[in-house]
Amino acid sequence: MTLTASSGTASSGEAAGTRPPGHEAGHARRSVRMPGMLRAGAARSSVELKAFFRNKQSLVFTLMFPVLLLLVFGSIFSGKVAGTDTDLKQVFMAGIIAAGVMSTAFSGLAINVAIERDTGTVRRLAMTPMPKSAYFIGKLSRVVVTTVLETALLLGIAWGLFGLPMPSSPERWATLGWDLALGTVACALIGCAYAAAIPNSRSASAIVTPVFMVLQFISGVFFPFNQLPHWIQTVAAFFPVKWMAQGFRSVFLPDSFTAVEPAHSWELSRIALVLGLWALAGLVLTAMTFRWRGPRVR
Amino acid sequence: MTTAVGDNPITVRGLRKSYGDWHAVRGLDLDVEPGEVFALLGPNGAGKTTTVEILEGIRRRTDGDVRVLGCDPAEDRREWRARIGVVPQTTGAYTDLTVREVVAHFAAFYPHPLPVGQVLDMVGLGKHAKKQSTDLSGGQARRLDVAVGIVGDPDLIFLDEPTTGLDPVARREAWDLVRYFADRGRTTVLTTHYLDEAEALARRAAVIVAGQVVQCGPIAELGGSARPPATVSFRIPPELAGRGLPPLPDGAEAEAPTADGLQRIHTHTPTALLSVLLPWAREARVGELPELRVHRPTLEEIYLNLIGSSAATEAEATR
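Residue numbers (full-length UniProt numbering), protein chains in the order written: chain A, 1 to 298; chain B, 1 to 319.
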């Protein structure tokens, strides 16, 4: 897809070809065929992915942190969840996949955007004719690739080392698919919006990580959700991680586990609704708060 | 919308930029002509960068008319951006990418980019194409900024202190680059602290002090009537001691000779002064005036004089 700009943007009198040879003056206009959004988006995506995989810091903190959590807690947790026939370990493994999505899509992206504002990348891109949407296409590519990789890594370890059963039916695989997709998009858009709350890249981790940690704890990643105090359950229900984790439990745990779920069912349509609303809120907030220039864009 | 002054790439009338009570730019007018290298001079904090950033469309103005390549920069149109090349004052960091990758990446946004290899050679980074951009020295990183700014083969180039941090050799290379674009009929706006740079590259310049243009014109004529006079100096030989100076042309002012006999005379017309001094010396059978020198003011002196007189006027006005 290419945007074609005729030579009539402003001083339309000077079409290419009518100007005398050797007089390629500043105002003369060459025929302009702007590279389209897809080309620019592909260029951004390629740069995003190269940067992610070459950067040891983002590889370790974003990708390996949930893996470490899985290895440590997967080895510690034992026994069944009270009132059910299900291993605590399996509940945790379903939860850690949600934490993984939040790590790559929310934390990773918010910190990444804050750094790019500080290092001049955002500002520099704003000085080029890049379609602004290409920047976000690049971020989406980064987040989708890293989240899929993260999920595959966590699933592989959970299955290979800790015996987590793979989803037992096509419906469950489908739920894994849409929960992952919606959760990723919601977390990425919120991450983009949340970057506006970060004053500079040095404080990025300090402002992002507490949110990530607190939401993990109150959303039933480390502890079975039903064992949390009621008011914490209520608070967590306003945020996406709780719903994402519940979706992943529906993928990996037996249906009998719904006995201890808050609504005594998986509430799949509500999960989709809440994640969809968060994605929408993230989109609106990003559109409202993202700045290409200004005091924080160095 | 028609542009008032012919088809100048840049026309600015009454530009203002205020931050609360602080007025960074106060009623600035500017015309940059097609194909010229135009220098913006001025002390730190004079409003040069603010002005340039408004022209580049990355800063909003408070008031005034601005046309750059026939468009209002605030509209930030993509087709317009594709014709503008910007080398900002601050050096960018392109983490985890090689030099070639950075330039190729930015090339992808332009309809007619220059070949990446050619751009790297032009800025003198050809040998470092495969180097990680974050491993570059300060001067090399600055060249990468320039490469990113020009890869789109712009019609109008903004260079905001492009050679700050460059060694003398790299500065000359950057100058060649400016000339390369000038030779191709492109227009360049150059902000600089280095007066030799303005003198070497630009035909015209504007001096900005306290958010206003205090002088604008050909560099050779900069200063105008406020231009400091030339100084003619020589050592008074014994033959001429005690004879006193001849009647001097209008406007020439002689200092009292120093204790060791050095005579200084300030004048705007040094040739006319010499035509009086030489016969006067010959009369006393002095064929050669010892240590005779004509010192014309350097751009730096003119510039400091301009800034000084403008600051004085300002102090007067606020009194």
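Note that CB positions come from ideal geometry on N, CA and C, so glycine has one too.
Closest residue to residue i among the options (Cα-Cα distance)
i, options, result
"A272(B)", "G152(B), Q118(B) and V232(B)", "V232(B)"
"P210(A)", "G79(A), P35(A) and I111(A)", "I111(A)"
"S168(A)", "P254(A), L149(A) and D87(A)", "P254(A)"
"G211(B)", "L41(B), V37(B) and E36(B)", "L41(B)"
"R60(B)", "A46(B), G138(B), Y19(B) and G45(B)", "Y19(B)"
"F136(A)", "L161(A), S265(A) and A188(A)", "A188(A)"
"T184(A)", "M93(A), S78(A), S141(A) and M213(A)", "S141(A)"
"G156(A)", "R117(A), I97(A) and G138(A)", "I97(A)"
"A259(B)", "R235(B), G244(B) and P270(B)", "R235(B)"
"L109(A)", "I76(A), L63(A) and M130(A)", "L63(A)"
"H268(B)", "D250(B), I219(B), A198(B) and T95(B)", "D250(B)"
"G95(A)", "Q216(A), A279(A) and Q227(A)", "Q216(A)"
"F290(A)", "Q57(A), W159(A) and A197(A)", "A197(A)"
"S137(B)", "G165(B), C216(B), T298(B) and A104(B)", "G165(B)"
"W22(B)", "G45(B), E36(B) and P111(B)", "G45(B)"
"F223(A)", "R202(A), T86(A), F61(A) and V91(A)", "V91(A)"
"E150(A)", "K242(A), L70(A) and D87(A)", "L70(A)"
"K17(B)", "I150(B), E53(B) and V148(B)", "E53(B)"
"F158(B)", "H266(B), P88(B) and L289(B)", "P88(B)"
"D167(B)", "R184(B), G124(B) and A205(B)", "G124(B)"
"P35(A)", "T298(B), H112(B), Y180(B) and V103(B)", "H112(B)"
"L144(B)", "E253(B), T50(B) and T95(B)", "T95(B)"
Terminal residues of the beta strand (DSSP E) in which residue i lies
i, result
"D160(B)", "L156 to D160"
"A206(B)", "R204 to V209"
"Q216(A)", "Segment A204 to I218 is the alpha helix (DSSP H) holding Q216(A); no beta strand (DSSP E) there."
"V232(B)", "A230 to R235"
"G217(B)", "Q212 to P218"
"I265(B)", "L262 to T267"
Segment limits, alpha helix (DSSP H) that includes residue i
i, result
"I271(A)", "L268 to T289"
"H295(B)", "That residue, H295(B), is in no alpha helix (DSSP H); its beta strand (DSSP E) goes R293 to H295."
"P66(A)", "F65 to I76"
"Q233(A)", "H230 to A236"
"V251(A)", "P240 to F252"
"residue 302(A)", "Residue 302(A) cannot be examined here, being either before or after the span of chain A that is shown, 1 to 298."
"L59(A)", "It is not in any alpha helix (DSSP H) - L59(A) carries neither H nor E in the DSSP assignment."
"I112(A)", "What sits at residue 112(A) in the sequence shown is Asn, not Ile. N112(A) -> alpha helix (DSSP H) spans G108 to D118."
"I198(A)", "Looking at the DSSP string, I198(A) is not in any alpha helix (DSSP H), and its letter there is neither H nor E."
"A51(A)", "M37 to R54"
"K80(A)", "Neither: K80(A) is in no alpha helix (DSSP H) and is coded neither H nor E."
"S275(B)", "P270 to E283"
"S263(A)", "Position check: residue 263(A) holds Ala in this sequence, whereas Ser was assumed. First-last for A263(A): undefined, no H or E at that position."
Anticipated Cβ contact below 8 Å, residue i with residue j, distance rounded
i, j, result
"A93(B)", "T119(A)", "4 Å"
"A174(B)", "V146(B)", "7 Å"
"L282(A)", "A193(A)", "The identity of residue 282(A) in the sequence shown is Gly, whereas the question assumes Leu. With 8 Å as the limit, G282(A) and A193(A) qualify as a contact, their Cβ atoms being about 5 Å apart."
"V145(A)", "L49(A)", "6 Å"
"S107(A)", "V208(A)", "5 Å"
"V101(A)", "M244(A)", "6 Å"
"W266(A)", "S250(A)", "4 Å"
"V213(B)", "L30(B)", "6 Å"
"R78(B)", "L69(B)", "Incorrect: roughly 13 Å between the Cβ atoms, too far for contact."
"V67(A)", "L153(A)", "6 Å"
"R67(B)", "T11(B)", "5 Å"
"E161(B)", "T192(B)", "6 Å"
"K127(B)", "T98(B)", "Incorrect: roughly 13 Å between the Cβ atoms, too far for contact."
"residue 304(A)", "L161(A)", "What the structure shows of chain A is the stretch from 1 to 298, and residue 304(A) is not part of that stretch, so it cannot be assessed."
"V37(B)", "L190(B)", "6 Å"
"I307(B)", "P73(B)", "Their Cβ separation, rounded to whole angstroms, is 28 Å, which puts I307(B) and P73(B) out of contact at 8 Å."
Going along the segment 42-75 of chain A in order, which residues come within less than 7 Å of chain B, judged by CB to CB distance?
A43, V47, K50, A51, R54 and N55
List in chain order: all unbroken beta strand (DSSP E) runs of 3+ residues lying wholly within the segment 11-80 of chain B.
22-32, 37-41 and 63-68
Got a sec: which bits of the segment 193-218 of chain A sit with their beta carbon under 7 Å from any beta carbon on chain B, in order along the chain?
none
Give me the subset of the segment 48-64 of chain B whose CB atoms are less than 9 Å from a CB atom of chain A, sorted by chain position.
E53, E56, G57, I58, R59 and R60
Pull out every residue of the segment 254-284 of chain A whose Cβ sits closer than 8 Å to any Cβ of chain B, in chain order.
none
What are the residues of the segment 85-114 of chain B that lie near chain A, defined by any Cβ-Cβ distance shorter than 8 Å?
V86, P88, T90, T91, G92, A93, Y94, T95, D96, L97, E101, H105, F106, A108, F109, Y110, P111 and H112
For the segment 87-160 of chain B, list the alpha helix (DSSP H) runs that are entirely contained and at least 4 residues long, ordered along the chain.
99-107, 116-122 and 138-150
Short-range partners of chain B found in the segment 126-150 of chain A, where Cβ spacing is below 7 Å
A126, M127, T128, P129, M130 and P131
The segment 204-223 of chain B: positions lying closer than 7 Å to chain A by Cβ:
none
What residues from the segment 64-82 of chain B come within 8 Å of chain A, judged by C-beta to C-beta, listed N to C?
L69, G70, C71, R77, R78, E79, W80, R81 and A82
Along the segment 223-257 of chain A, where does the CB come closer than 8 Å to a CB of chain B? Name the residues.
none
Residue ranges of each beta strand (DSSP E) run of no fewer than 3 residues wholly in the segment 159-192 of chain B, ordered along the chain?
187-191
Residues in the segment 137-150 of chain B having any Cβ partner in chain A nearer than 9 Å
D145, V148 and G149
Chain B contacts from the segment 164-189 of chain A (Cβ-Cβ distance under 7 Å)
none
Using a Cβ-Cβ cut-off of less than 9 Å, give me the residues of the segment 73-101 of chain A that come near chain B, in sequence order.
none
Going along the chain, which residues of the segment 104-120 of chain A sit with their C-beta nearer than 7 Å to a C-beta in chain B?
T119 and G120
Which full runs of the alpha helix (DSSP H) of 4+ residues lie inside the segment 119-168 of chain A, going along the chain?
121-126 and 132-162
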